[in-house]
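Trainee: Here's a structure for you.
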Amino acid sequence: MGVTVTFNKQAVKARISTATEKGTYILANELLKDSNYYAREDSGELIRSSIRASNIKKGTLIWDTPYAKKMYYVGSPSRDKNPNASTLWAQKAADENKEKYLRIVQKVMDNEV
Numbered sequence: 001m002g003v004t005v006t007f008n009k010q011a012v013k014a015r016i017s018t019a020t021e022k023g024t025y026i027l028a029n030e031l032l033k034d035s036n037y038y039a040r041e042d043s044g045e046l047i048r049s050s051i052r053a054s055n056i057k058k059g060t061l062i063w064d065t066p067y068a069k070k071m072y073y074v075g076s077p078s079r080d081k082n083p084n085a086s087t088l089w090a091q092k093a094a095d096e097n098k099e100k101y102l103r104i105v106q107k108v109m110d111n112e113v
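Numbered by the working numbering, the letters in the sequence shown go through residues 1 to 113 in order.
Encoded structure:
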């Protein structure tokens, strides 16, 4: 007495691929929003550059002003315009919101797979 299980391998792959794409988009969008909460702000161009330059669909976040790299790693941020400003703003957002991101991924996988 045996059991035979068959499944549509291509359909499973397609569902996982769709879930991965959707999850990447949702997660990257949320991480960009959370990161910019901690990004340094003077004229607002640094934050605007992330909206223009990031490829949310691929999960790539980019702050592309000429001074972005220096601002990310060096110095003590002014908190005149953004009281939450920090160096390493994307890392800070990721660290502080890890559980939220895990819930987002889990929800997408539950709904799509």
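Virtual Cβ for every residue (Gly too), placed ideally from N, Cα, C.
Keep in mind that this is a model prediction, so the values were computed, not measured.
1. Could you have a look at Thr60 and say whether DSSP puts it in helix, strand or coil?
2. Ends of the alpha helix (DSSP H) at Lys81?
3. Whole angstroms are fine: how far does the CA of Leu32 sit from the CA of Leu61?
4. Under a Cβ-count criterion, where at least 16 other Cβ atoms within 10 Å of its own Cβ denotes burial, should Asn8 be classed as buried or exposed?
5. Report yes if the CB atom of Leu88 is closer than 9 Å to the CB atom of Trp63, and no otherwise.
6. According to the neighbour-count rule (16 or more other Cβ atoms, all chains shown, within 10 Å of its Cβ), is Glu41 buried or exposed?
Mentor: From the atom records:
1. Taking the first residue of the sequence shown as 1, we reach residue 60 at position 60. Assigned with DSSP and collapsed to three states, Thr60 falls in strand.
2. In the sequence shown, counting from the first residue as 1, residue 81 sits at position 81. In the DSSP assignment, Lys81 falls outside any alpha helix (DSSP H), carrying neither H nor E.
3. Translated into positions along the sequence shown, residue 61 becomes position 61. Translated into positions along the sequence shown, residue 32 becomes position 32. Going by the C-alpha atoms only, they are around 7 Å apart.
4. Numbered from its first residue, the sequence shown carries residue 8 at position 8. Residue environment analysis places Asn8 among the exposed positions, since fewer than 16 neighbouring C-beta atoms fall within 10 angstroms of its C-beta.
5. Start at 1 with the first residue of the sequence shown, and residue 88 comes out as number 88. Start at 1 with the first residue of the sequence shown, and residue 63 comes out as number 63. The answer is no: Cβ separation not under 9 Å.
6. What you label residue 41 is simply residue 41 of the sequence shown in a count that begins at 1. The Cβ neighbour count for Glu41, taken over all protein chains shown within 10 Å, is at least 16; the residue is labelled buried.
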